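Numbers in our numbering are just positions in the sequence shown, counted from 1, shifted up by 11.
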Amino acid sequence: MSLAPIDLLVIGLYLLASLFIGFWVSRKASENIQSYFLGGNKLPWYYLGLSNASGQFDISGTMWMVYLLFIYGLKSIYIPWLWPAFNQVFLMVFLSIWLRRSGVMTGAAWIRFRFGEGRGAELSHLVIVGFALLVVLGYLAYGFVGIGKFAAAFMPWQLSADAHNNEIFYGLILTAITAVYVVKGGMFGVVLTEVMQFVIMTLACVAIGLIAMYQVSPEMLRAAVPEGWFSMGFGHTLDLDWSGILDSANQRIVDDGWSLFSVFFMLVLLKGILQSMAGPAPNYDMQRILSARTPVEAAKMSWLVNLVLLFPRYMMITGLTILALVFFVGDLRAMGDSVDFEQILPFALANYVPAGLLGLVVAGLLATFMSTFAATTNSAPAYVVNDIYKRYFNKDADEKTYVRMSYLVSITFVILGTGIGLFAPSLNSIILWIVSALYGGYTAANILKWYWWRMNGFGYFYGMLAGLLTAIPMMFTNISPLYAFPALFALCMTASIAGSLLTKADDMETLKAFYFKTRPWGFWGPVHQALLAERPDLKRNNDCKRDLINCAVGLVWHTALTAAPIFMVIKQWSEFTIALAVIALTSYLLWRNWYRLMRDDPDAELGEQIQMSGSSSGRGPVAATV
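Take a look at the structure:
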């Protein structure tokens, strides 16, 4: 498929605009590392929210979710819980506020804030840096594989006679362009570029959804899918039989290992809740939260990500899927056993989006790659420079030196991530390893760090180390990371608890400083009692029940936001109306029991908004008193 000249012009203008923004803001971004990594804590929450939504709207994930909806139908809305897709609900309800109150720059710096400066804290600091950088490499490899497949299907120049090599060459070219504006612009460049990208993507998504609604009638779609494809409900088994329509789809369901769908559903729900309660992994999502001006703005940012991301994204996913179901099944059937479901997205675009608009859509999808790649790349130097180079090698260097080191680290990680991507077998394999094995090993220790005062640096280190040492070999085995999650979680939980109880508790002054500033709920009784002796008016966080109820309501809200655009594009109007009613009801409940009760200062009266002192420096409202 070759793009028309007008499409190439649109794409070229978009790439030039992205590069221009990176260089335009490079002077401001390079003032110091606070500006480079966090935008100086001056970026409004709605910019950060749009940026974070753009960063999570990646092309590789979109290709994966098109495949999921194609094969699994409406039941596919549960499969991204593997990620877990609903973690933003837990962030918006309470974890973003807790995290932003720390006033630190990175996840590794937060570990020192939580565990202090002892030997255990030092080990915890190093293991979380290692985990964060491993996540960065995984995401960069994942993005590289996706963009190569996508670009090779559209770009008019064949750079190699071999199709796989052609994908690699285009992946390298687009990776290099993205790296330039990220390295130069830092967080300012990433956020401003991603806001522009989000506008482009939203237009592209709406256009694709409308085209699909015009091209595909309900009768055409019903004739193209097996019985049960339209149902969100399920029994013990999946009960989808593609025999006679696309036999290879049945084999893919077997290969995925999700035929026993009730078991799969319970596992992803359990894993999703536990992983969400552990808080964000130390990646671009955490960087956006730490970049917010205040804790309440951090929560609003996480809320906005859910609100603006799901509807347009699923309009595009559904539009591409139904176009492929009606018009592409014959081509997929002709591929036989070597069928590549990741080609569904480029096929639908190439054949059913008109010239001119196709350029905008391709630019929008390039934006999804660039935004995720940019956000991920920006997080790597935050850990290497701030948490390793500055801490252990050159703590008194001038700010320009740290920024130049950030340039070097970003380039290095782009090269390493791209190298890993060259050997990755498929998007699906990378996604499942990241979300189930790597994040699975992260979960136990990071739950305990929030909710249990006795969890110390040694316990955190041993829990994380057990997870990493188990997750890395799983990349090279056929063991399902999802079905291995309960055993992995139990192993890491045992290591964390044993490591904590067999070593001395963290210094009480460190625990009191963390608890006073963050004010989590959970098992913090001894620390609360110790602080009461100094501060008799200290308020305990009694919001646990309300927060968990809001998370349950938020999960229903999130699921309805996902289902509504699917129902709209496939013209299931009764179900669409019900989804909108559920969104309206849950939105009201969240406004009543969550939004209007948020507060920056944990000692403020419920619902009272306290302006943070020193927010421009990234400090929390009580930083000066701790």
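Quick reminder that beta carbons are idealized off the backbone N, C-alpha and C, glycines included. Given the structure is predicted, the values throughout are model-derived calculations rather than measurements.
Worksheet item: Under a three-way DSSP split, which group does F534 fall into?
Response: Counting from 1 along the sequence shown, the entry for residue 534 is found at position 523. Note: F534 maps to strand in three-state DSSP.
Fill in: Nearest-angstrom Cβ-Cβ length linking V10 and L331, presumed shorter than 8 Å
Look at the range of the chain in this structure, 12 to 637, and you will see that residue 10 is not part of it.
Worksheet item: Are there 16 or more other CB atoms within 10 angstroms of the CB of V654, so buried, or fewer, so exposed?
Response: In the structure as shown, the chain begins at 12 and stops at 637. Residue 654 is therefore absent and cannot be evaluated.
Worksheet item: Does the distance from the CB of N397 to the CB of V100 come in under 8 Å?
Response: If you number the sequence shown from 1, residue 397 lands on position 386. If you number the sequence shown from 1, residue 100 lands on position 89. Cβ atoms of N397 and V100: not closer than 8 Å.
Discussion item. Can you tell me whether W253 is helix, strand or coil according to DSSP?
Written reply: Against the sequence shown, residue 253 aligns to sequence position 242. Reduced to three states, the DSSP call for W253 is coil.
Worksheet item: Considering only the beta carbon of each residue, do L315 and Y57 sit closer than 8 Å?
Response: Start at 1 with the first residue of the sequence shown, and residue 315 comes out as number 304. Start at 1 with the first residue of the sequence shown, and residue 57 comes out as number 46. Going by C-beta atoms, L315 is nearer than 8 Å to Y57.
Worksheet item: DSSP puts W463 in a beta bridge; with which residues?
Response: Here residue 463 is taken as the residue at index 452 of the sequence shown, counted from 1. Paired residue(s): F534.
Worksheet item: Okay, do the stretch 564-579 and the stretch 536-549 touch, 3+ Cβ pairs below 8 Å being the bar?
Response: Too few Cβ pairs lie closer than 8 Å, so no.
Worksheet item: If we ignore side chains and look at the alpha-carbon of each, how far apart do C503 and R130 end up?
Response: Position 492 of the sequence shown, counted from the first residue, corresponds to residue 503. Position 119 of the sequence shown, counted from the first residue, corresponds to residue 130. About 20 Å.
Discussion item. Please identify the residue among E410, A15 and L106 whose C-alpha is closest to the C-alpha of R610.
Written reply: Locating residue 610 in the sequence shown gives position 599, where the first residue counts as 1. Comparing alpha carbon positions, the residue from E410, A15 and L106 closest to R610 is L106.
Discussion item. Just to confirm my understanding: we take A335, look at its own chain, exclude 5 residues before and 5 after, and list those with CB closer than 7 Å. What are they?
Written reply: As a first step, residue 335 must be located in the sequence shown, where it is residue number 324. Answer for A335: F81, I355, F358 and A359, listed in chain order.
Item to complete: Count the other CB atoms, across all protein chains shown, that sit within 10 Å of the CB of H247; report buried if there are 16 or more and exposed otherwise.
Response: Position 236 of the sequence shown holds residue 247. H247 should be labelled exposed.
Worksheet item: Looking at the structure shown, is I581 part of a helix, part of a strand, or coil, going by DSSP?
Response: One-based indexing of the sequence shown puts residue 581 at position 570. I581 falls in the coil class under three-state DSSP.
Discussion item. Under 8 Å: do the stretch 525-533 and the stretch 298-310 share three or more Cβ pairs, one atom per stretch?
Written reply: no
Worksheet item: Out of curiosity, what's the CA-to-CA distance linking Y394 and S417?
Response: Here residue 394 refers to the residue found at position 383 when the sequence shown is read from its first residue. Here residue 417 refers to the residue found at position 406 when the sequence shown is read from its first residue. Approximately 10 Å between the Cα atoms of the pair.
Worksheet item: Would you call the stretch 490-499 and the stretch 532-544 in contact, with 3 or more CB pairs under 8 Å?
Response: no
Discussion item. Considering only the alpha carbon of each residue, which of N405, D296, G159 and T505 lies closest to G478?
Written reply: Stepping through the sequence shown from its first residue, residue 478 is reached at position 467. It is T505.
Fill in: Enclosing alpha helix (DSSP H) for K406 [first to last residue]
If you number the sequence shown from 1, residue 406 lands on position 395. Premise fails: K406 is in no alpha helix (DSSP H) and is neither H nor E.
Discussion item. Whether or not the stretch 253-264 and the stretch 341-353 are in contact is what I'm after, with contact meaning three or more pairs of Cβ atoms, one per stretch, closer than 8 Å; do they touch?
Written reply: yes
Worksheet item: Nearest to D252 by alpha carbon, out of G244, N261 and Y89?
Response: By one-based count along the sequence shown, residue 252 stands at place 241. Ranking the options by Cα distance to D252, first place goes to N261.
Item to complete: Within 10 angstroms of the Cβ of R707, are there 16 or more other Cβ atoms? Answer buried if so, exposed if not.
Response: The shown model of the chain, from 12 to 637, leaves out residue 707, and the question about it has no answer.
Fill in: Buried or exposed by the 16-neighbour rule on C-beta atoms within 10 Å, applied to V265
The residue labelled residue 265 in the question sits at position 254 within the sequence shown. Counting other Cβ atoms within 10 Å of its Cβ, V265 stays below 16 and is therefore classed as exposed.
Worksheet item: With distances taken from CA atoms, which of V593, M103 and L368 is nearest A310?
Response: Here residue 310 is taken as the residue at index 299 of the sequence shown, counted from 1. Checked all of V593, M103 and L368; the closest Cα to A310 is M103.
Worksheet item: With I333 and I70 assumed to form a contact (beta carbons below 8 Å), what rounded beta-carbon distance in angstroms separates them?
Response: Along the sequence shown, one-based indexing puts residue 333 at 322. Along the sequence shown, one-based indexing puts residue 70 at 59. Distance from I333 to I70 at the Cβ level is roughly 19 Å; contact not present, criterion being Cβ atoms closer than 8 Å.
Practice prompt. For L27, count neighbouring Cβ atoms within 10 angstroms of its own Cβ and tell me buried if that reaches 16, exposed if not.
Written response: As a first step, residue 27 is located in the sequence shown; it is residue number 16 there, counting from the start. Counting Cβ neighbours within 10 Å, L27 comes out exposed, since fewer than 16 surround it.
Practice prompt. With DSSP collapsed to three states, give me the class of N553.
Written response: As a position in the sequence shown, residue 553 is number 542, starting the count at 1. Three-state result, N553: coil.
Worksheet item: Between T226 and the rest of its own chain, which residues show a CB-CB distance below 7 Å, the 5 nearest in sequence each way excluded?
Response: On the sequence shown, residue 226 is found 215 positions in, with the first residue counted as 1. Here the sequence assigns Gln to residue 226, which means Thr is not the residue at that position. Taken in chain order, the residues that qualify are L334 and Y363.
Item to complete: Counting only the same chain and skipping the five closest in sequence on each side, list residues whose C-beta sits under 7 Å from that of R557.
Response: Walking along the sequence shown from the start, residue 557 turns up at place 546. So the qualifying residues of the chain are N604.
Worksheet item: Which whole runs of the beta strand (DSSP E) in the stretch 217-261 are 3 residues long or more, in chain order?
Response: The qualifying runs do not exist here; there are none.
Practice prompt. Pull up the CB-CB distance for G84 and W269, whole angstroms please, since I reckon it's below 8 Å.
Written response: The residue given as residue 84 occupies position 73 in the sequence shown. The residue given as residue 269 occupies position 258 in the sequence shown. Actually they do not touch by this definition, with Cβ atoms about 13 Å apart.
Item to complete: Return the first residue and the last residue of the alpha helix (DSSP H) that V307 is part of.
Response: Here residue 307 is taken as the residue at index 296 of the sequence shown, counted from 1. Run containing V307: P306 to F338, per the alpha helix (DSSP H) assignment.
Worksheet item: How many Å lie between G375 and L320 at the Cα?
Response: Looking up residue 375 in the sequence shown gives position 364. Looking up residue 320 in the sequence shown gives position 309. Going by the C-alpha atoms only, they are around 14 Å apart.
Practice prompt. Select from K515, G290, L559 and G468 the residue whose C-alpha is nearest the C-alpha of L134.
Written response: Taking the sequence shown and counting its residues from 1, one reaches residue 134 at position 123. Cα-wise, what sits closest to L134 is G468.
Fill in: Contact set for V236: own chain, Cβ-Cβ below 8 Å, skip 5 residues either direction
Numbered from its first residue, the sequence shown carries residue 236 at position 225. Closer than 8 Å at Cβ, skipping near neighbours: G84, I256 and L336.
Practice prompt. Determine the direct distance from the alpha carbon of A391 to that of F124, and round the result to whole angstroms.
Written response: Counting from 1 along the sequence shown, the entry for residue 124 is found at position 113. Counting from 1 along the sequence shown, the entry for residue 391 is found at position 380. Across the structure, F124 and A391 are spaced so that their CA atoms are roughly 20 Å apart.
Worksheet item: Going by the CB atoms, is the gap between A152 and G428 shorter than 8 Å?
Response: One-based indexing of the sequence shown puts residue 428 at position 417. One-based indexing of the sequence shown puts residue 152 at position 141. Yes, they are a contact pair.
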